[in-house]
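Be aware that the sequence shown starts at 1, since it is given in UniProt numbering, and climbs by one per residue.
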Amino acid sequence: MISLDDLIVELRKLLAKFLGKKKRKEEQKVTLLVRMDCEGCERRVRKALESMKGGVSSVDVDPKECRVTVSGHVEAPAVVKRLWRRAWKKAEPWPFVPHEQVPHPYAPGAYDHKAPPGYVRNVLDDPDAAPLVRASSTEERYTTAFSDENPNSCAVM
């Protein structure tokens, strides 16, 4: 004879199997670039993201750098869509990294005058700018111009 507790456990297993148990999204940080002109824009962005369903744990808005960081059980496309629908703000993934992480931060592909101080464009994620950075590297040109074997030789001629 099956006890009542065993019957309940079996019913839960069957329901989970047929209904499909949804896994919760893992917690992550989403950093976006959102243009904000005034305190009203900042407030609208903050309210739109804090009222989001699905587990937003914190919202950090930095209007000077035009950066919004959302942490919780959210995905980047959902946050971008929410900002467009609720706050009428276009958002894009944060394209900048600290300049210490880029091999050549002042190369034409990496340097961006719109970047906040201490940041450059992420050339490792941008395939269009990455070849420009490698092509303008000066180390290769200087190391091949001189030879230790014959210091009086000229590589230009």
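Glycine included, each C-beta is placed from N, C-alpha and C at the ideal position.
The beta carbons of residue 34 and residue 46 sit no closer together than 8 Å.
The C-alpha of residue 5 lies about 22 Å from the C-alpha of residue 20. Around residue 29, the same chain offers 69, 70, 71 as residues with beta carbons nearer than 8 Å, after the five sequence neighbours per side are excluded. Taking 8 Å as the cut-off, the Cβ atoms of residue 65 and residue 98 do not count as close.
For the pair residue 26 and residue 32, the Cα-to-Cα distance works out to about 18 Å.
Ranking 79, 87, 114, 83 by CA distance to the CA of residue 96 puts 114 first. For residue 78, the secondary structure class from DSSP, reduced to helix, strand or coil, is helix. With at least 16 other beta carbons inside 10 angstroms of its own, residue 49 counts as buried. Residue 88 is classed as exposed because its beta carbon has fewer than 16 other beta carbons within 10 Å across all chains shown.
Closest in alpha carbon position to residue 75, among 55, 38, 7, is 55. Residue pairing by DSSP places residue 67 opposite 33, 62 in a beta bridge.
Bounds of any beta strand (DSSP E) do not take in residue 48; it lies within the alpha helix (DSSP H) bounded by 39-50. Residue burial annotation: residue 120 is buried, with at least 16 other C-beta atoms found within 10 angstroms of its C-beta. The residues 36, 61, 63, in chain order, have a CB closer than 6 Å to that of residue 42 in the same chain once the five nearest residues on each side in sequence are set aside. Listed in chain order, the non-local C-beta contacts of residue 79 below 6 Å within the same chain comprise 30, 70, local neighbours out to five positions each way being set aside.
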